[in-house]
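Enquirer: Here it is: the structure, laid out below.
In my numbering, the protein residues as written are 92 to 163.
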């Protein structure tokens with residue numbers, strides 16, 4: 092699934108550049124950074140949930156949200 096997403100995003104711009112975000116060993120194709128766990132957040136809210144279809148028979152869910160850090 093991720094390779095398909097990378098190819099699709101690369102084809103959407105002239106330079107073929109795709110932004111990846113890394114947190115430890117976890118690397119993802121996304122528009123923003125990740126947090127390691129919700130305990131770092133004072134408040135968080137799920138803003139969207141997407142069911143992603145893959146070539147396999149499994150369903151992948153992607154959650155997007157907004158969070159405020161504890162030390163704000």
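The beta carbon of each residue, even a glycine, is placed where N, CA and C say it ideally should be. Computed from a predicted model, the values in this text were never measured in an experiment.
Secondary structure at residue 129, three-state DSSP: helix, strand or coil?
Expert: helix
Enquirer: Determine contact between the stretch 119-136 and the stretch 152-161, defined as no fewer than three beta-carbon pairs at a distance below 8 Å.
Expert: yes
Enquirer: What is the DSSP secondary structure of residue 122, counted as helix, strand or coil?
Expert: coil
Enquirer: Within the continuous alpha helix (DSSP H) that includes residue 108, where are the two ends?
Expert: For residue 108, there is no enclosing alpha helix (DSSP H), as DSSP gives it neither H nor E.
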